[in-house]
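Working notes, structure below.
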Amino acid sequence: MSESTPSTPDVRDVIIIGSGPAGLTAAIYTARASLAPLLIEGEPSSTSDQPGGQLMLTTEVENFPGFRDGIMGPELMAEMRAQAERFGTQVITEKVTDVDVTVRPFKVTVRDQEFFAKSIIVSTGAQSLMLGLPEEQRLIGYGLSTCATCDGFFFRGHEIAVVGGGDSALEEATFLTKFADKVTIVVRRDELRASKIMQDRARANPKIEFLWNSQVTKIHGEEKVSGAEITNTVDGSKSELAITGVFIAIGHKPNTDLFRGKLDMDEATGYLQTVPDSTYTNVPGVFACGDVQDSVYRQAITAAGSGCMAAIDAERWLEDAHDIEANVPNY
Ligand code: NDP
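Offset between the sequence shown (1-based) and this note's numbering: plus 1112.
Right, here's the structure in full:
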């Protein structure tokens, strides 16, 4: 346990940006290490800020260890948050408008208010790209999903659709055939973007059908998905698809706009880069965990695991930083 306390009342040991499983786990660990973390969770009104993260958009979570009968996503996040607060995490519900990692202590701006910290843990997550249909927000978690690993199990015996033509769509569709009777992949062009091996696997699967030059333009259902309207992208003709589930797999976007030009990220995808087997970014004292730096696993439990790693990395880094603290002006 660290004895560390801020050197002045205004400089925190750690600020955590983002309140999904990664950020909240980092908060639990840093709070229990007496680092009195400040967690800034974003605003519910913004599309890129989703306090509590993507689990707030799900219903039943059955794969988070420790909940034998499953738990609702929002309830799981409320429990994690209460646990973080129990150990002294301060939570602010505001949008971070700027982060300056070129100064020490680091500066985090929330509207017109500034916060200072010796270390920052970035856990701003990622968001699934959506089709932009108004009913998507209402039906997500009710037959509409963005994660086959999470929700495939609920579609045993169903006929469902997967939207997209990349590796994600084909991987999800292939996985979903373990449960569903039939999976229709809705592709907006007449060819796939996915790698050949994934294409071969999907084409060889008897449960998979392709709907080419097609776009889902409406998802039916008041309380849960009951069908979809398909529009032909070549001639504009419309048809109906009888399905009870839709998986959107058209890509993800990490929430890293705030860090562009400040932290190393994959230029093409925007995912933050961390030193392998750690949560260190290229800026000493700034750590990244969860989906913002993980384009591969993207699970609540892996995000939570990396949040724990970030907390331990930050705690150890802060202990070492005490030695240099005296030599850094304004630290
Ligand atoms: P991609 O960007 O590769 O593919 C997105 C797909 O969705 C494309 O077919 C695209 O169509 C389609 N699409 C995009 N927007 C829309 C829209 N509004 N309506 C309908 N369709 C749309 O994303 P992925 O998530 O599939 O993959 C991301 C990266 O991760 C890739 O590099 C991929 O190779 C990798 N990956 C690798 C896996 C593996 O190797 N096991 C598994 C999953 C992902 P269009 O082609 O017309 O643009």
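Think of the CB as a built atom: it goes at the ideal place given N, C-alpha and C, for glycine as much as any other residue.
Of 1413, 1344, 1370 and 1290, the smallest CA-CA separation from residue 1185 is found for 1413. Shortest gap from the CB of residue 1307 to any heavy atom of the ligand NDP: under 8 Å. In the three-state reduction of the DSSP assignment, residue 1360 falls in the strand class. If you look at residue 1288, you'll find it in the alpha helix (DSSP H) that goes 1279-1288. When the Cα atoms are used, residue 1376 and residue 1234 turn out to be separated by approximately 13 Å. Distance from the C-beta of residue 1327 to the nearest heavy atom of the ligand NDP is below 8 Å. Residue 1409 counts as exposed, since fewer than 16 other C-beta atoms from the protein chains shown sit within 10 angstroms of its C-beta. Counting the other Cβ atoms within 10 Å of the Cβ of residue 1230 gives 16 or more, which makes it buried. A residue is called buried once 16 or more other Cβ atoms fall within 10 Å of its Cβ, and residue 1431, having fewer, is exposed. Secondary structure of residue 1248 (DSSP, three-state): helix. Beyond the five residues adjoining it in sequence on each side, residue 1411 comes within less than 8 Å, by CB distance, of 1175, 1261 and 1262 in the same chain, given in chain order. Residue pairing by DSSP places residue 1344 opposite 1326 in a beta bridge. The beta-bridge partner set that DSSP reports for residue 1321 consists of 1296. As for any alpha helix (DSSP H) of minimum length 4 sitting wholly inside the segment 1130-1208, the runs are 1133-1144 and 1185-1198, ordered along the chain. In the DSSP assignment, residue 1314 falls outside any beta strand (DSSP E) and lies within the alpha helix (DSSP H) extending over 1308-1315. Residues of the same chain with a CB within less than 6 Å of the CB of residue 1282, apart from the 5 flanking positions on each side, are 1306, 1310 and 1314 in chain order. About 6 Å separates the beta carbons of residue 1207 and residue 1154, which is inside the 8 Å limit, making them a contact pair. Residue 1280 has its CB nearer than 8 Å to a heavy atom of the ligand NDP. Using a Cβ distance threshold of 9 Å, residue 1330 and residue 1226 do not count as a contacting pair.
Per the coordinates, the alpha-carbon of residue 1301 lies some 32 Å from the alpha-carbon of residue 1372.
In the DSSP assignment, residue 1261 falls outside any beta strand (DSSP E) and lies within the alpha helix (DSSP H) extending over 1260-1263. Measuring C-alpha to C-alpha distances from residue 1369 to each of 1361, 1363 and 1379 identifies 1379 as the nearest. Taking residue 1328 as reference, the option from 1250, 1383, 1242 and 1395 with the minimal CA-CA separation is 1242.
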